[in-house]
Structures are given as structure tokens and as C-alpha cells.
Amino acid sequence: MHSAISFLEGRNSLGMGSWHLGQGRRSPNEEKAALLTGLQLGLNVIDTAEMYGDGLSEELIGDVLRDLPPSRLRPFLVSKVLPMHASRKGVMRAFEASAHKLGVDCIDLYLLHWRGNTPLAETVAAFEELKAQGRIRHWGVSNFDTDDMQELWQVPGGRNCVVNQVLYNVFSRGIEYDLLPWCLKNGVTVMAYCPLGHGELVEQSLLAEIGDRHDVSASVVALAWILRSGRVLAIPESGSEDHIRDNARALQLKLGPEELALIDAASPPPRFKQPLDML
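Throughout the sequence shown, residue numbering follows UniProt numbering, covering 1 to 279 in sequence.
Set out below in C-alpha cells:
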């Protein structure tokens with residue numbers, strides 16, 4: 001499923017998250033092999049952050065990138081700056097540290113991880129400076145609710161934001177009330193983190209039943225549901241080759257109207273504004 005998201009330049013709208021990579025859950029070789037498998041299967045967006053393992057995730061991804069053959073399509077790299085580093089000087093220092101760990105001169109998409117005390121105008125100006133220097137190609141935000149996005153839109157340069165990365169999955173649909181429509185209307189791509197929840201979706205009986213019809217797992221159904229519009233990008237965790245291979249099957253699964261209706265009945269779209277779910 002090639003994405004309708006223009007800045008991905010034809011890459012798929014299913015990528016790989018790295019929240020726990022490089023931190024001992026599995027061996028480094030296992031995690032590197034999982035990332036390489038994902039790239040081979042077309043999961044060409046890799047999401048990370050300076051916060052993940054205090055840079056260990058970025059370092060492991062950097063090792064993988066250095067081992068890629070020159071002929072391979074370069075993955076689309078996403079990293080994030082912490083709100084306590086969101087001043088102009090802080091952004092510049094954090095970016096240089098992330099780029100060094102990743103072994104790159106340019107990061108494709110650089111996000112503010114969540115809002116802090118630094119004025120948005122200062123952070124946006126720093127992002128725009130990095131973009132003008134060719135150090136980042138795009139910038140965005142994470143964990144911004146609708147009122148945050150509306151405030152961002154009033155900041156000079158704020159409308160250059162291309163992504164809002166938020167928690168979104170079958171059983172956490174609060175963003176559909178107003179945030180997702182606002183983002184779609186204003187050309188901001190929603191990037192869904194925790195698209196499988198905390199594992200509860202994998203055991204959910206309805207998703208498993210739908211998966212049985214297609215000979216896929218419940219997690220594949222959950223990811224296909226996220227990708228159904230072609231305008232949302234999903235980044236499930238990527239530490240295991242088996243999980244990566246399973247996730248990639250979602251690119252080939254298109255859920256039918258009856259199946260989508262069953263999911264809506266089990267987990268209805270929101271009927272009122274809800275607090276933004278965050279991790």
C-alpha cells in the first residue's frame with residue numbers, strides 16, 4: 001500500500017518504531033536483523049527519538065544504516081527533540097547529537113516530542129533554520145491536541161508542520177472526534193504510535209476472528225484498520241523479525257465494509273471530545 005502522503009515520496013505508510021530498541025530487550029544483532037528485514041519488506045520509515053534509551057535507539061539505527069548497500073533506497077528517518085531542549089540552542093544541540101548517532105547529515109522529519117515551556121515560536125524558528133540549512137527536510141510535532149495545533153497555526157512558520165504523531169489504535173479513537181479531521185483538513189499527516197496498543201489488541205477476539213478470514217493475525221487486522229484511509233502513517237515497534245514479517249502483511253490487507261462496521265460496533269467512534277491519550 002503506497003501512501004497518499006506526499007512527503008514520503010512513494011514509500012509505504014507502514015513504518016517501524018524503535019521506542020525500546022538498543023536497551024537490552026533483545027540482542028543488538030536481533031534488533032538490527034529485524035530492522036533490515038523490515039526495510040527489505042518495504043517498511044521504509046524508521047521512527048526514533050533522542051529520549052529512546054537516551055540515544056541508544058538512534059545509535060543502533062545508525063549501525064544499521066551504515067551497513068546498508070549504497071544501492072538500497074534510503075529509509076525515511078524520523079527523530080524527536082525533547083521539550084526541555086526546545087529552545088533554539090537546545091534544538092541545535094539535540095539535532096547535532098541525533099544526527100551524529102544516526103550517522104547522517106540530514107534527518108528527513110524532526111519532531112517536537114511534546115509541548116513544554118519553550119514558546120512554540122522559538123522552537124518553530126529553530127526547525128525552520130535547520131530546514132533552511134538542509135539539515136532536516138520536514139518538521140512536525142507529537143502529542144499535540146486540536147487546541148495546540150490551532151495555536152501552532154498562528155505562529156510564524158507554524159503552518160509548515162507536516163506531521164502530528166499521536167497515540168491511535170482500534171480501541172483509542174479519541175482523535176477522530178476533532179483532531180484527525182482538523183489535521184486532514186489542514187494538510188497535517190497523523191502518525192500513529194502504539195497502533196497495537198499494549199498488546200491487548202493482539203488478543204482481541206473480534207480482530208482475531210476477522211484475521212482468521214484472511215489467514216492473518218489480529219495485529220495485522222489492527223494495522224490494516226489504521227492504514228485504511230491511506231492518509232495515516234503507523235509505526236509499530238520493530239524489535240523482532242517475526243513481528244516485522246507479521247506487521248508487513250498489513251500492507252496487503254484491505255478490510256471490507258462489513259468488517260469495518262463490526263469494528264465500529266465493538267469500538268465506536270467518539271461522540272464527544274476526549275482528553276488526548278498519551279504515553
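Glycine is no exception: its CB is placed at the ideal position from the N, C-alpha and C atoms.
Answer with buried or exposed for residue i, where buried requires no fewer than 16 other C-beta atoms within 10 angstroms of its C-beta.
i	result
Asp-147	exposed
residue 298	The question about residue 298 has no answer, for the chain in this structure spans 1 to 279.
Lys-101	buried
Ser-27	exposed
Gly-53	buried
Ala-192	buried
Ala-132	exposed
Arg-249	buried
Ser-6	exposed
Glu-258	exposed
Phe-171	exposed
Arg-74	exposed
What number of angstroms, rounded off, separates the C-alpha of residue i from the C-alpha of residue j?
i	j	result
Glu-129	Ile-210	48 Å
His-85	Ser-205	43 Å
Tyr-177	Arg-271	7 Å
Lys-80	Trp-19	11 Å
Gly-38	Val-162	24 Å
Ile-136	Asp-105	9 Å
Val-232	Glu-9	15 Å
Pro-119	Pro-156	12 Å
Val-124	Ala-94	15 Å
Leu-207	Ser-217	8 Å
Glu-96	Arg-72	25 Å
Ala-121	Leu-262	44 Å
Leu-152	Met-92	20 Å
Leu-184	Gly-230	11 Å
Pro-70	Thr-189	29 Å
Ser-267	Arg-88	42 Å
Pro-83	Ile-107	18 Å
Gly-134	Arg-11	21 Å
Gly-167	Asp-215	The amino acid at residue 167 is misidentified as Gly; the sequence shows Leu. Spanning the two alpha carbons is a distance of roughly 27 Å.
Asn-247	Ala-99	28 Å
Gly-42	Glu-31	17 Å
residue 303	Leu-260	Absent from the structure is residue 303, since the part of the chain shown begins at 1 and ends at 279.
residue 305	Leu-68	Residue 305 is absent from the model: the chain starts at 1 and stops at 279.
Taking residue i as the reference, which of the options has the closest Cα?
i	options	result
Leu-60	Gly-22, Val-220, Gln-150	Gly-22
Arg-159	Asp-67, Val-190, Gln-150	Gln-150
His-138	Leu-77, Leu-109, Leu-276, Val-91	Leu-109
residue 284	Leu-41, Leu-179, Leu-35, Asn-247	There is no way to answer for residue 284, as the model of the chain reaches only from 1 to 279.
Arg-25	Glu-50, Leu-56, Arg-228	Leu-56
Gln-40	Trp-182, Arg-245, Asp-277, Thr-118	Arg-245
Asp-212	Leu-255, Arg-228, Gly-62	Leu-255
Met-278	Gly-42, Asn-169, Phe-7	Asn-169
Ala-33	Cys-183, Ile-5, His-243	His-243
Ile-226	Leu-253, Lys-185, Glu-241	Leu-253
Trp-114	Arg-66, Gln-165, Arg-72, Pro-75	Gln-165
Asn-29	Glu-241, Pro-269, Pro-257, Ala-266	Glu-241
residue 280	Gln-154, Asp-215, Pro-83, Phe-127	Only positions 1 to 279 of the chain appear in this structure, which leaves residue 280 out of reach.
Ile-175	Pro-69, Ala-99, Leu-260, Pro-269	Pro-269
Val-264	Gly-230, Arg-173, Pro-181	Looking at the sequence shown, residue 264 is not Val but Asp. Considering only alpha carbons, the answer is Arg-173.
Leu-251	Arg-228, Ala-266, Ser-267, Leu-260	Arg-228
Leu-77	Leu-65, Leu-180, Ala-266, Gly-134	Leu-65
Asn-117	Gly-90, Ala-99, Gly-103, Ile-107	Gly-90
Leu-112	Ala-266, Phe-127, Leu-180	Phe-127
Gly-103	Gly-62, Pro-181, Trp-182	Gly-62
Leu-276	Asn-247, Leu-180, Leu-68	Leu-180
Is there contact here, the segment 223-239 with the segment 130-143, by at least three beta-carbon pairs under 8 Å?
No, because fewer than three Cβ pairs between the segment 223-239 and the segment 130-143 fall closer than 8 Å, the two stretches do not touch.
Is the segment 14-30 touching the segment 45-61 in the sense that three or more CB pairs, one from each, lie closer than 8 Å?
yes
Quick one: which unbroken beta strand (DSSP E) runs of 3-plus residues sit fully inside the segment 108-177? Chain order, please.
Within the segment 108-177, the complete beta strand (DSSP E) segments at least 3 residues long are 136-142, 163-167, listed from N- to C-terminus.
Give the list of continuous beta strand (DSSP E) stretches no shorter than 3 residues that lie fully inside the segment 218-275.
Fully enclosed beta strand (DSSP E) runs of 3 or longer: 232-234.
Taking contact to mean 3 or more Cβ pairs, one atom from each stretch, closer than 8 Å, check whether the segment 217-227 and the segment 186-198 are in contact.
yes
Runs of beta strand (DSSP E) wholly within the segment 46-106 (minimum 3 residues, chain order):
76-81
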